[in-house]
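Chains as they are written, first to last, in my numbering: chain A, 12 to 489; chain B, 12 to 489.
Take a look at the structure:
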């Protein structure tokens, strides 16, 4: 059977998670490799997912007062060097342009790994008075980081993202912005992508190069590894001092602005695969599924079947559902397997018998469950099914995250847990970098965040045994 | 008066067209310079225009069956060299990445000046059978060309664009695609941007590096210079042969695909400025105006004025109009000048007397004309006014293009016309490259296109006097 053949063509998820992931990227036609190491081709299906994520995020950014801009892709070396922590963090992983045509450049340009320095240069030009604040800017671009080890969507040399960059009159406003954008990211992850998150602050060791404080949302993948799904940084006035971004306040005093930046990227697509996918392929959260419902006519050569299928397609499309009709000459089994691989949330099967009974079979991708539904009101039925699928996907992912969240009070317990039942480990930490480093060396787990929702696990640091007040989420991470 | 001050702050269009253009870019806050020569910052207002152009174009691309993808920004030198004409055309103007972090690359990578080679590499990977065709791909990205002389929007080192790349089973299909996308571009220019176009084919000398045939749409700017606003290329099977892109046809024969590519860019924003702008600044075509109507309350401190203004804002927004209410503490004169500079198509003035009479004053940006309109049905009135503004803007631009289109039958006439009354010159051409070159050297005018709508101007070539059957549009161009 075509169905079986296609299904067995991908590695089982529990047999080899990494290979299963790669198989889905390829078989669902999300991305293709290019001849430049670590740079991928976003194929139509993969890019369509990104467009839907963009649309959901962009709406939220605009609703919260942000506007889009576009900075150049090149940063002169001297500009990148203006903020010391920033250059130290990024210099080892940037691509350098040294020649334009035949001419050697007098100064090297890096291809942006992130655009803080460009925004700062522009802000220094355009911000003069308190009337010019806040600046709530965002851009949708690609960035380049010369990573040694790459994996499609999760870690690419070039990846697509958005980077918000804001400037404010006060430290309080910048702090509020940083946290409110973290909430926007959590909303996107949970309510659009059905991926539950832990919100918290990054440790000093894990924070962004140049930031005063970094916050993140962390998701847990099916294999028990964590994925940092979005970050939001509060720069205080550090960049403003380095770049001389000053304004005259209402009292005619010269002040430095306070800045933030925040980003989500195409690694969210990797997160979708690893949060929801199964042995039959991708399982798309309905809100970002390029196709939300596919109609597969059964015995489509029989009178009336295709006509009815087209009519139903029209009804679903009118209701705002992204719907396809697969009337190709492939077998039904082949079609089922193909649309399952692509994770289409709902399959609507319609054959001559269904036609006679004025009904259709609805198969949901997330559970495989099939129900028979009357054709009256079919669009409403599919809409309700899509809403239920989203809810169920979130609940299953949340239940899994909870199941795979453990506690540890000493390093033996920590190590045993992370090796035998990978997941989040909640453990107390004294705040010392050295402990964080020691934990990483011994277990390969890193601090994911200091969650906003604290819990008292023990009185002492899981590593050094000294007094500890802070509970941290730890995990191996992508 | 604030109004006068602001207006006199830009150079008069007829006094110094180039400076007038630069003044608008700056004063309307479309773009800012960056520290990298020829790379600009798209500020919120400029980028919002681009987003609206993108939306109009993307809808048309998707309606005609195209899908979006995203290729890497880097092209290995060896890949760029595969098609000989192509590399010869682009090599002198590409930026080269030679280092990643501290490591010297074994092969240089260029930052894409255009992406034919990347699409070809991908197509060679994914096209096997006639079932895989056609491929109708597009991408929205930025590209880099190391230009010596740059000018915001018109000629940048980095600019934003879309590039469509398609692969077809037959030469006929590729030819149809090339011409149908040219029609889509003409539709966008004329019906979205209110810029009339001449459609035609490029001469061999002006065609794209690697193309079999290039077609373009040409617009005439206010100063009588031409702007190439979009191009569409038919590659035949030239790239397919260079890259080995073959498929098995329905008869099981191996065939090369036939390809096209087509692009429009942010230079359209330059086209809008130079087609429609006046001494008061930008004049935005309503369909891509980030703000279509601005409400300016007069004596806004008087009871009821602001409340009514907010109510009207709500009504216009509900009707799908992009509307702003300027309730800042600036003077009305200042506000008028500022929104005129930004080219907002309709200004709605509302004062206490208007309120008493249940009316508002509507001022149209394109003509400066003011009318009084009743508040009943105000949204409908504004919608009709916007439609009329678009129509009038197109008609005025068309009348100007027709006025500034001349004929020449010999070189003295040609030279006198282009120097004294710059515009399009229609003249016969024998088809010889040498004549084209000679015309350019003597007059600085280039062949813009061989228009689809031919006209018999004379029996002989304007340059050499030999027999000529082809009428060409010539002009000095951006």
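Idealized CB from N, CA, C, for every residue including glycine.
How is the beta strand (DSSP E) around residue 169/A delimited, first residue to last? 169-179
Residue 316/A to residue 301/A, Cα distance in whole Å? 25 Å
Would you say residue 85/B lies against chain A (beta-carbon separation less than 7 Å)? yes
Determine, using beta carbons only, whether residue 262/B comes closer than 7 Å to chain A. no
Name the two residues that bound the continuous beta strand (DSSP E) containing residue 462/A. 457-462
Against residue 107/A, what residues of chain B qualify as contacts under a CB-to-CB distance less than 9 Å, listed in chain order? 108, 109, 110, 111 and 112
Chain B contact residues for residue 472/A, given Cβ-Cβ distances below 7 Å: By Cβ distance, chain B contributes nothing, its closest Cβ being about 35 Å from residue 472/A, past 7 Å.
Separation of residue 464/B from residue 286/A, as counted between CA atoms: 58 Å
Are the CB atoms of residue 118/B and residue 87/B within a distance shorter than 7 Å? yes
Less than 8 Å between the CB atoms is what I'm expecting for residue 270/B and residue 177/B, so what's the real figure, rounded? 6 Å
Of all the options 364/B, 100/B, 387/B and 113/B, which has the alpha carbon lying nearest to the alpha carbon of residue 217/B? 100/B
Applying a beta-carbon distance threshold of less than 7 Å, which residues of chain E neighbour residue 136/B? Of the chains in the structure shown, none is chain E; the protein chains are A and B.
Along chain B, which residues have their Cβ under 8 Å away from the Cβ of residue 131/A? The premise fails here: residue 131/A is roughly 11 Å from chain B at the closest Cβ pair, so nothing lies under 8 Å.
For a contact meaning CB atoms closer than 9 Å, what does residue 335/A contact in chain B? The contacting residues do not exist; residue 335/A stays about 13 Å from chain B at best.
Separation of residue 295/B from residue 288/B, as counted between CA atoms: 8 Å
Between residue 149/A and chain B, is any beta-carbon pair separated by less than 7 Å? no
Any beta-carbon of chain A closer than 7 Å to the one on residue 46/B? yes
Chain A contacts made by the region 58-91 of chain B, where a contact means CB separation under 9 Å: 58, 59, 61, 62, 78, 79, 80, 81, 82, 83, 84, 85, 86, 87, 89 and 90
Please go through the same chain and pick out, in chain order, the residues whose beta-carbon is closer than 8 Å to the beta-carbon of residue 329/B, but skip the five residues on each side of it. 390
Considering Cα atoms alone, identify which of 283/B, 44/B, 370/B and 355/B is closest to residue 161/B. 44/B
Please classify residue 318/B: is it buried, with 16 or more other beta-carbons within 10 angstroms of its beta-carbon, or exposed? exposed
Going by other Cβ atoms of all chains shown within 10 Å of its Cβ, with 16 needed for buried, is residue 314/A buried or exposed? exposed
Curious, which full-length alpha helix (DSSP H) runs of at least 4 residues does the region 325-362 of chain A contain? 343-352
Tell me whether residue 459/A is buried or exposed, calling it buried when 16 or more other Cβ atoms sit within 10 Å of its Cβ. buried
Can the beta-carbon of residue 236/B be found less than 7 Å from the beta-carbon of residue 29/B? no
Along chain B, which residues have their Cβ under 9 Å away from the Cβ of residue 169/A? 83, 84 and 85
Chain-ordered neighbours of residue 157/A on chain B, where CB pairs are closer than 7 Å: 111 and 112
Near the ligand MG: residue 399/A beta-carbon under 6 Å from a heavy atom: The ligand content of the structure shown is nil, which means the ligand MG is not present either.
Over what stretch of residues does the beta strand (DSSP E) that includes residue 44/B continue unbroken? 42-44
Taking C-beta pairs closer than 8 Å, name the residues in chain B that residue 36/A reaches, listed in chain order. Result: empty, since nearest Cβ-Cβ is about 14 Å, beyond 8 Å.
With the cut-off set at 7 Å, would you say residue 192/A and residue 276/A are in Cβ contact? no
Please list, in chain order, the chain B residues whose beta carbon lies closer than 7 Å to that of residue 153/A. 84
Just to confirm, are residue 468/A and residue 439/A a CB contact at a threshold of 7 Å? yes
Just checking: is the beta-carbon of residue 121/B within a distance shorter than 7 Å of some beta-carbon in chain A? no
Roughly how many angstroms lie between the CA atoms of residue 129/A and residue 185/A, to the nearest whole one? 19 Å
Measure from the alpha carbon of residue 165/A to the alpha carbon of each residue in 35/A, 65/A and 282/A, then state which is nearest. 282/A
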